[in-house]
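Visitor: Here it is: the structure, laid out below.
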Amino acid sequence: MAEKRDYYEVLGVARGATLDEIKKAYRKLALKYHPDHNKGNTEAETKFKEATEAYEVLRDEQKRKLYDQFGHAGVSGAASGGGFGQGAYSDFSDIFGSGSFEDIFENLFSGGGFGFGGRGGRSGNSVRRGADLRYNLEISLEDVFHGKEIKIEIPREEHCETCNGTGSSDGKLDTCTTCHGSGQVRRSSGFFSIATTCSTCGGSGQVIRNACKSCSGSGLVHRKKTIAVRIPPGIEAGTRLKVTGEGEAGPNGGPSGDLYVVVQIRRHEKYEREGSDLGVSEEIPVTVAMIGGEVTIETIDKSKVKLKIPAGTQPGSLFRIRGKGLPYMGGGGRTGDLIVQAKIVIPKTLSNKAKNLVKDLETELEAGSGIFSRFR
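The numbering of the sequence shown is our numbering, which starts it at 2 and goes up by one.
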């Protein structure tokens, strides 16, 4: 008889591999070498049998401990191949019911039990946390500047007040007679044993005999809830604000999920944002641009500030007004700047007197070399 290979080597995992790593390795090998995919291939059959034997030992904490300490001798009676023949796994549907064995493996590794007479874990869905909710909230740039408390209305599932979320009119739950409270139904065939979620109780192990009329036994009712959300000053677009416990109520009286408010910022007709700085295009009279002066700038909070324009200012020139932008989010009172871009305004029509003054200006700026000669 050939010497057995090391179980860790068979599955291709390290000796310190986690149970999850062992499960993934076995699932990959089982799908690859299963007889349904390898008709008449005795080598694949042997590899499948070998991988299954290794998995059955390494998935069990006690068996694995014995194997690590004593090798194959420590588990010689726990993972033998006796009784494991072609008939035991030639057709998974004969053993586990309808569906492909890929589907069956999905069930096995997501809470069902796959073993050789051992007991699988319960699905644990009697009480579950409710789902998280997402709400997209659009706010104005002014809201970003000031910060604001905004009330939003959320449609969601809540626990039924009549039955306190149990679904039972008298608050009592009976043990499921199909699975006897285990939440699972186990079927065996030859070498394999499969535990599937009980269809009667949905895996909870309990059933409702007297359903609540208010929620039809679900324990949940659909309602709308108004929730106040605090928008902090300086918030960035795409920020997710978490409101704990304001998501969907959990089934069977389970805790509620959370609400995530995703903030989007409405495009402003005047200001552009870059971080905590604001940009604005401001009209500057051509005379002020030429000889210098002051213009009044309105900020995001409607206050007025004076901006000095130096003589000879060109179109597109940028000026920075410090501290007149947006607050830094969580910045301890720090504020960005307001960037003003000069938009030189040239009048489209001129009176005769104005035209003569422009001509006098051109003469003064050295005839033939002034800035207006190019427009003749």
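Using N, Cα and C, we set each Cβ at its ideal position, and we do this for glycine too.
1) Just the C-alpha distance for L351 and K360, rounded to the nearest angstrom, thanks.
2) Hey, could you find the ends of the alpha helix (DSSP H) A45 is sitting in?
3) Buried or exposed: where does E393 fall if 16 or more other Cβ atoms within 10 Å of its Cβ makes it buried?
4) Please report how far the alpha carbon of I340 lies from the alpha carbon of I140, in whole angstroms.
5) Looking only at C-alpha atoms, which of E22, I310 and V264 sits nearest to P286?
6) So, for G172: in the same chain, excluding its five sequence neighbours on each side, which residues have a beta-carbon less than 8 Å away from its beta-carbon?
7) Exposed or buried, L366, counting other C-beta atoms within 10 Å across all chains shown (16 or more means buried)?
8) With respect to the beta strand (DSSP E) encompassing T227, which residues constitute its N-terminal and C-terminal limits?
9) Can you tell me where the alpha helix (DSSP H) with I292 in it begins and where it stops?
10) Cα-Cα, which of L308, Q265 and L30 is closest to G293?
11) Quick one: grab the DSSP three-state call for K325.
12) Would you call the CB atoms of G235 and L327 closer than 8 Å?
13) If you drop the 5 nearest sequence neighbours on each side, which residues of the same chain put their C-beta closer than 6 Å to that of C180?
14) Alpha carbon to alpha carbon, how far is V263 from E283? Give it in angstroms, no decimals.
15) Ignore the nearest five residues each way along the sequence and tell me which others in K48's own chain have a CB closer than 6 Å to its CB.
16) Measure the Cβ-Cβ separation of G254 and H160 and say whether it is below 8 Å.
17) Rounding to the nearest angstrom, what Cα-Cα distance links Y68 and E62 in this structure?
18) Which whole-angstrom value describes the C-beta separation of K225 and E270, a residue pair presumed to lie in contact below a C-beta threshold of 8 Å?
19) Could you tell me which of L279, K344 and V145 sits nearest to T288, measuring between CA atoms?
20) Quick check on D95: does DSSP put it in helix, strand or coil?
21) On the three-state DSSP scale, how would you describe E162?
22) Once DSSP output is grouped into helix, strand and coil, what is the label at D144?
23) Hey, how far is the Cα of G204 from the Cα of G168?
24) Please classify G178 as buried or exposed, where buried requires at least 16 other C-beta atoms within 10 Å of its C-beta.
25) What residues in its chain sit with their C-beta under 7 Å from that of K5, if we drop five residues either side in the sequence?
26) Less than 8 Å between the CB atoms is what I'm expecting for L260 and Y136, so what's the real figure, rounded?
27) In whole angstroms, give me the CA-to-CA distance for D133 and P156.
28) Measure the Cβ-Cβ separation of Q342 and L319 and say whether it is below 8 Å.
29) What do you reckon, are the CB atoms on G1 and I232 nearer than 8 Å?
30) Using a Cβ-Cβ cutoff of less than 7 Å, which residues in the same chain neighbour K243 once the five nearest sequence positions on both sides are dropped?
31) On the DSSP letters alone, give me the boundaries of the beta strand (DSSP E) that Y261 sits inside.
32) Should R130 and G251 be called a contact, given that it needs their Cβ atoms to be closer than 8 Å?
33) Excluding five sequence neighbours on each side, which residues of the same chain lie with their C-beta closer than 7 Å to the C-beta of V11?
34) By the three-class DSSP mapping on this structure, what secondary structure does D175 have?
Guide: On the basis of the data shown:
1) As a working note, residue 351 is residue 350 in the sequence shown. As a working note, residue 360 is residue 359 in the sequence shown. If I take the Cα positions, the gap works out to 12 Å.
2) Here the question's residue 45 lines up with position 44 in the sequence shown. Start and end: T43 to L59.
3) Nothing can be reported for residue 393, as the shown portion of the chain is limited to 2 through 377.
4) Taking the sequence shown and counting its residues from 1, one reaches residue 340 at position 339. Taking the sequence shown and counting its residues from 1, one reaches residue 140 at position 139. The alpha-carbon atoms of I340 and I140 are separated by roughly 22 Å.
5) If you number the sequence shown from 1, residue 286 lands on position 285. Per the Cα distances, I310.
6) The count along the sequence shown starts at 1 and reaches residue 172 at position 171. Correct list, in chain order: C164 and N165.
7) On the sequence shown, residue 366 is found 365 positions in, with the first residue counted as 1. Answer is exposed; the Cβ neighbour count stays below 16.
8) Start at 1 with the first residue of the sequence shown, and residue 227 comes out as number 226. L221 to I232 is the span of the beta strand (DSSP E), which, as asked, contains T227.
9) Mapped onto the sequence shown, residue 292 falls at position 291. Looking at the DSSP string, the run of the alpha helix (DSSP H) that includes I292 is V287 to I292.
10) Translated into positions along the sequence shown, residue 293 becomes position 292. Comparing Cα positions, the closest option is L308.
11) Residue numbering aside, residue 325 sits at position 324 when the sequence shown is read from its first letter. The answer is coil: DSSP assigns K325 none of H, G, I, E or B.
12) For this step, residue 235 is matched to residue 234 along the sequence shown. For this step, residue 327 is matched to residue 326 along the sequence shown. Yes. Within cutoff.
13) Residue numbering aside, residue 180 sits at position 179 when the sequence shown is read from its first letter. V186 and C199, listed in sequence order.
14) Along the sequence shown, read from residue 1 onward, the residue named residue 283 stands at position 282. Along the sequence shown, read from residue 1 onward, the residue named residue 263 stands at position 262. If you take the alpha carbons of E283 and V263, they lie about 33 Å apart.
15) For this step, residue 48 is matched to residue 47 along the sequence shown. For K48, where only same-chain residues beyond five positions count, the Cβ hits under 6 Å are Y34.
16) Start at 1 with the first residue of the sequence shown, and residue 254 comes out as number 253. Start at 1 with the first residue of the sequence shown, and residue 160 comes out as number 159. For G254 and H160, yes; Cβs fall inside 8 Å.
17) For the purposes of this step, residue 68 is taken as the residue at position 67 of the sequence shown. For the purposes of this step, residue 62 is taken as the residue at position 61 of the sequence shown. For Y68 and E62, the distance between alpha carbons rounds to 10 Å.
18) Locating residue 225 in the sequence shown gives position 224, counting from the first residue. Locating residue 270 in the sequence shown gives position 269, counting from the first residue. At roughly 33 Å, the Cβ-Cβ gap does not stay under 8 Å, so K225 and E270 are not in contact.
19) Indexing the sequence shown from 1 puts residue 288 at position 287. Answer by Cα proximity: K344.
20) Within the sequence shown, residue 95 is the residue found at index 94, counting from 1. Residue placement at D95 is flagged as unreliable, the pLDDT there being 38, under the threshold of 50; the coordinate-derived value follows with that caveat. DSSP places D95 in helix when its eight states are reduced to three.
21) The residue given as residue 162 occupies position 161 in the sequence shown. Correct three-state label for E162: coil.
22) Mapped onto the sequence shown, residue 144 falls at position 143. Looking at D144 - three-state DSSP - the assignment turns out to be helix.
23) Here residue 204 refers to the residue found at position 203 when the sequence shown is read from its first residue. Here residue 168 refers to the residue found at position 167 when the sequence shown is read from its first residue. C-alpha separation (whole angstroms): 16 Å.
24) If you number the sequence shown from 1, residue 178 lands on position 177. It is worth fixing the name first, because residue 178 is Thr in this sequence and not Gly. Flag for T178 reads exposed.
25) Locating residue 5 in the sequence shown gives position 4, where the first residue counts as 1. Excluding residues within five positions, the ones whose Cβ falls inside 7 Å are H73.
26) Along the sequence shown, read from residue 1 onward, the residue named residue 260 stands at position 259. Along the sequence shown, read from residue 1 onward, the residue named residue 136 stands at position 135. About 6 Å separates the two Cβ atoms, so the contact holds.
27) Position 132 of the sequence shown, counting from 1, holds the residue named residue 133. Position 155 of the sequence shown, counting from 1, holds the residue named residue 156. Approximately 12 Å, taken between the alpha carbons.
28) Position 341 of the sequence shown, counted from the start, is the residue given in the question as residue 342. Position 318 of the sequence shown, counted from the start, is the residue given in the question as residue 319. In this structure, L319 lies closer than 8 Å to Q342 by Cβ.
29) In the structure as shown, the chain begins at 2 and stops at 377. Residue 1 is therefore absent and cannot be evaluated.
30) Here residue 243 corresponds to residue number 242 of the sequence shown, with the count starting at 1. D259 and Y261.
31) In the sequence shown, residue 261 corresponds to position 260, counting from 1. It spans L260 to I266 - the beta strand (DSSP E) in which Y261 sits, taken as one unbroken run.
32) Position 129 of the sequence shown, counted from the first residue, corresponds to residue 130. Position 250 of the sequence shown, counted from the first residue, corresponds to residue 251. Yes, these two residues count as a Cβ contact at 8 Å.
33) Here residue 11 refers to the residue found at position 10 when the sequence shown is read from its first residue. Here the set comprises E51, A52 and A55.
34) As a position in the sequence shown, residue 175 is number 174, starting the count at 1. D175 falls in the strand class under three-state DSSP.
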